[in-house]
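Protein chains in written order, with our numbering: chain A, 1350 to 1798; chain B, 1350 to 1798. All residues carry an ideal CB built from backbone N, CA and C; glycine is no exception. Inspection log for the structure reproduced underneath, given as structure tokens.
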């Protein structure tokens, strides 16, 4: 069996590895568009901050390790055409074009950065100090450019994960960061306003300038100076970083007859199978089954890409595995605080009668030194009592990342808020409470219902 | 409705508070045998270490806070007789005897320390430097005694939680600690030998002497000197701490016709109801429903006592709530490491075909500074694939306490080891991995099955 995988990031490598594992007799070829197979894109801000010493450190696996698994790795191979009738993929390399045959194909082409409708952006690029940040090449270009310009101030357009992580990274590097966000709070896809304000305050306390509810209308370059313009103000910058989200990279698939949804995400079934025979897809290029929603959603995350890729690879190798679906679990560290969320917020809970209650509870018994408050916004269904989602903000060290996981597992198993009180969670005074903070939030919700 | 609660620790206070909450018209009286209602017994080692500044800090709630909830609190009231026919409880105070009537009774008398069969122990007490450590009075007596003797070396008999926590507490206080354990490893009810050895090493690296597989045969006092004797050696000590586990404190209940099991634990149904009409029981004095075992077990823990007390209180007030059962989740910090466990170990998994696989995985992406390895022993059923239990050892700060909770929730929901891979857990490079360590352990188990 010849299995061909387009893409070598999280979904692609997971599919390739799993296919090899399930069918060691298969030939698995993996096409990677750049020279960075299986790199941790999520790690880019930590390399740019200087916390990670060198670019190759970001590789989940080295090229040698990938080759050792028996995968036929082709770097610098950009797929340009799929012929599902002949079962071939055409790819270009820096100096040639090749055609590859497949029996089974897995598409893991990822996402592309969104370019918001801002005047001037189209015409400006890295040479002008205006950067996107999605690939390793873009990251290295930004790094070089910041050094070349001896940048003192960078304006970041977009306060999602990457925007916030980059604000911290630049600050750690001694560069001033200004974050502009068109929604009313930072991390607008993750947090309600009440908690978003906490994170804005954290950023500001470390010297980051944050302006929410600010729609950038123009980026212009005059005599070597960059200016970012919104209705209420303008900001001078040595460099501008545009991190306003991503869209599925599905153009190649779509032109081949693979069905995509209105967002451009490839439509797959629970086996990660597309409408085209013998073609699977996974990762940031596909829509995603959400355990709490009737309709698929689009939420590109590395964790999901790994899981979907694994399912696609297993099935391409002859399996019948189903992707269990997500509940949208996320976490980000912001200086000394950690933000985590899972499930639905009220604004996302279409079809439910959501009620959200905010509670503050200590991470561990207050009598033991170092206890810190965790703010938890719990959303449940008023009618059925079902848990719908949770947002947490606490200090780094307060086990926020793994506390959100308790809620995530509860959500995936359809628990009610009241059933959270039945969970047999761990306790010792330096690390928790007899009723964990996650359960005290449930008690708060039940009292307010 | 007159609800009477015997006991003011975790189970008693939880029952009393919940009864008041469910039926604000009820009269709830709580008898507390000493002067310390609702104190955190689990916090005693941290007060003795000096980390917690003062004894009253250990109160979960102050007396004033308890009284403010409307509970009729009676401190220094030791219940001495229950008359289920007349529905009365007799209690003695330092200077009198009182009889109280009830409509509904909740027994939360807790546990008593086990005295191991060691020659000499019967005759020795705090005045001789030989201490138990279960009540606040015992804790304060130990504290005073260590100071009075200017103790330099304490021998601890028993390497369960309290023994280990006290070894750390004494070390922090500058007192040498020697731990003697008759089983082959420390924390013998929690950890397999492989991980227990890690914890012995951690203790030893901080100067604690640890001797496992050592059965103490005698404690003797000659001319003011204490000696602890085992077959292979003897140890001189300024004080001896006997922390060899506890047994249900059920004598009062048993003499009243309340049924107890062979361990002496009060027999209750899932509603925490005893065989005697209008009498419920909860906490360290009862046996406990275990979600993975056909038979009730005895595992006295504060978390369980809180949950059972809440159920008993709700039902005493007219409810029909069921206790969901435990999976045995536990955590303890040992100097710079954290030990956590949940579910069953192989030796406990009667009726299953257990397979245990040990994996080591980083707490977060290795490229980000400060990653530390977590050792995880995962036990699953070889035939069905069902998850049965997990033991974790990692560094303090690696979110071990809340990682075990992921397994706990999975166990309570009957997940298989393979389904752990479906869990949508949080990830950001400084705090996790795309496949969390808990999931990498599952992959390790599946590969070895």
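Setting aside the 5 residues that flank it on each side, residue 1686/B is surrounded in the same chain by 1547, 1548, 1551, 1742, 1743, 1744 and 1745, each with a C-beta closer than 8 Å to its C-beta; the list follows chain order. When only Cα atoms are considered, residue 1477/A and residue 1590/A end up about 11 Å apart. Given a length threshold of 3 residues, each whole run of the beta strand (DSSP E) inside the stretch 1475-1526 of chain A is given here in chain order: 1502-1506. Excluding the 5 residues flanking it on each side, residue 1649/A has same chain C-beta neighbours closer than 7 Å at 1460, 1595 and 1633, in chain order. By the CB criterion at 9 Å, residue 1505/A and residue 1526/A fall inside the cutoff.
Residues of chain A with a Cβ closer than 7 Å to the Cβ of residue 1762/B are, in chain order, 1762. Put simply, the stretch 1422-1440 of chain B does not touch the stretch 1512-1525 of chain B. Fewer than three CB pairs are less than 8 Å apart. Counting the other CB atoms within 10 Å of its CB gives residue 1464/B a total below 16, which places it among the exposed residues.
Using a Cβ-Cβ cut-off of 9 Å, residue 1557/B does not count as an interface residue toward chain A, since no Cβ of chain A sits closer than that to its own. In this structure, residue 1704/B keeps its C-beta atom at 9 Å or more from the C-beta atom of residue 1733/B. Contacts between residue 1784/B and chain A, judged by CB atoms closer than 7 Å, involve 1655 in chain order.
Counting C-beta atoms within 10 angstroms of its own C-beta, residue 1665/B has 16 or more neighbours from the protein chains shown and is therefore classed as buried.
For residue 1620/B, there are no C-beta contacts with chain A under 7 Å, since the nearest C-beta of that chain is about 14 Å from it.
Boundaries of the beta strand (DSSP E) around residue 1597/B: 1595-1597. Residue state for residue 1561/B is assigned as strand, using DSSP reduced to three classes.
Residue 1466/B counts as exposed, since fewer than 16 other C-beta atoms from the protein chains shown sit within 10 angstroms of its C-beta. Flagged as an interface residue toward chain A: residue 1395/B, by a C-beta distance shorter than 9 Å. Annotation for residue 1484/B: 1383 place their beta carbon closer than 7 Å to its own, counting only its chain and skipping 5 residues before and after. For a Cβ distance threshold of 7 Å, residue set 1717 and 1718 of chain A lies close to residue 1400/B, ordered along the chain. Judged by DSSP secondary structure, residue 1583/B falls outside any alpha helix (DSSP H) and instead within the beta strand (DSSP E) spanning 1583-1586.
Collapsing the DSSP output to three states places residue 1574/A in a strand.
The beta-carbon separation of residue 1451/B and residue 1352/B, rounded to 7 Å, stays under the 8 Å limit for a contact. Of all residues in the stretch 1675-1697 of chain A, the ones placed with a Cβ closer than 9 Å to any Cβ belonging to chain B are 1675, 1676, 1677, 1678, 1679, 1680, 1681, 1682, 1687, 1689, 1690 and 1691, in chain order. Annotated as distal: residue 1592/B and residue 1495/B, with beta-carbon spacing of 9 Å or more. By the 16-neighbour rule on beta-carbons within 10 angstroms, residue 1667/A is exposed. At a beta-carbon threshold of 8 Å, none of the residues of chain B lie near residue 1545/A; the nearest stands roughly 17 Å away. Residue 1549/B sits in a helix when the DSSP states are folded into three classes.
The beta carbon of residue 1542/A lies closer than 8 Å to those of 1533 and 1534 in the same chain, with the five residues before and after it left out. Per DSSP, residue 1445/A is one residue of the beta strand (DSSP E) stretching across 1445-1450.
For residue 1585/A, no CB of chain B lies under 9 Å from its own CB, so it is not counted at the interface with that chain. Excluding residues up to 5 positions away in sequence, 1620 lie with their Cβ nearer than 8 Å to the Cβ of residue 1669/A in the same chain. Distance between residue 1399/A and residue 1522/A, taken at the CA atoms: about 7 Å. Within chain A, not a single residue places a beta-carbon under 7 Å from that of residue 1570/B; the smallest gap is close to 33 Å.
Around the C-beta of residue 1748/B, 16 or more other C-beta atoms lie within 10 Å, and the residue is accordingly described as buried.
Distance from the CA atom of residue 1761/A to the CA atom of residue 1642/A, rounded to whole angstroms, is 12 Å. Neighbourhood of residue 1651/B in chain A, by CB distance below 9 Å: 1776 and 1783, in chain order.
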